[in-house]
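**Q**
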Amino acid sequence: MTVTEPGQIALLKESQQFLEEMRETVFVEDNASQQEAKPQCVHLEVTEKIKEDLNSTLTAKQNLEKEIRSLQERLVVSQRAWEALQEELSYLKRCSSKQEEILKSCIEEARAGKNLHDAFKEKIITLLQSKCNTVSPSDEVIVETIREMCQAEESNKTVCEHLLLSIISIQHG
């Protein structure tokens, strides 16, 4: 062996020891970086999950906003329909009141007509009783008597017209 060989051997031993220490350091550093990488990986996963949740939340918010707009539009349409129905109801109430007034007026006219009819019937009955000396003649007898009176009246009118014509023809002739 030469002098340089023991120096080289020592140098090689030192290098080997240095490499062993480096390997251990790298191994320790690798473990440490893996330990640090795990939280970073977990952090990245959590960040991705948060992003997904945020996107889901934003989508849900947009859907809710659309639904709110739709409901607001339906509310406006319903309010307009309600107002139109209220106006129509008010109009129908006014018309109903007018019709009720007309009906009351017609009822009053009918009552007045019935009263006139009853009074006329009583006068006829009174006249017929004095003429026929009977007690309260039936409606048929009253109607028949009125027909006879009308026919007699028509007959009198016809006789009067003939007499008038005769007088006129005598005066001109």
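Using this note's numbering, the first residue of the sequence shown is number 4, and each one after it goes up by one. C-beta: ideal position from N, C-alpha, C; glycine also.
What residue from S141, L88, E111 and S18 has the CA that sits closest to E125's CA?
**A** S141
**Q** Starting from S158, follow the alpha helix (DSSP H) in both directions and report where the run begins and ends.
**A** D142 to H175
**Q** Taking 6 Å as the limit between beta carbons, can you name the residues of its chain near R72, skipping five residues before and five after?
**A** none
**Q** Find out if the Cβ-Cβ distance for the pair I149, I127 is shorter than 8 Å.
**A** It is a contact, given that the beta carbons lie within the stated cut-off.
**Q** Which value, in whole angstroms, describes the spacing of the CA atoms of H46 and I53?
**A** 10 Å
**Q** Please report the distance separating the alpha-carbon of K64 from that of E48.
**A** Here the C-alpha atom of K64 lies approximately 24 Å from the C-alpha atom of E48.
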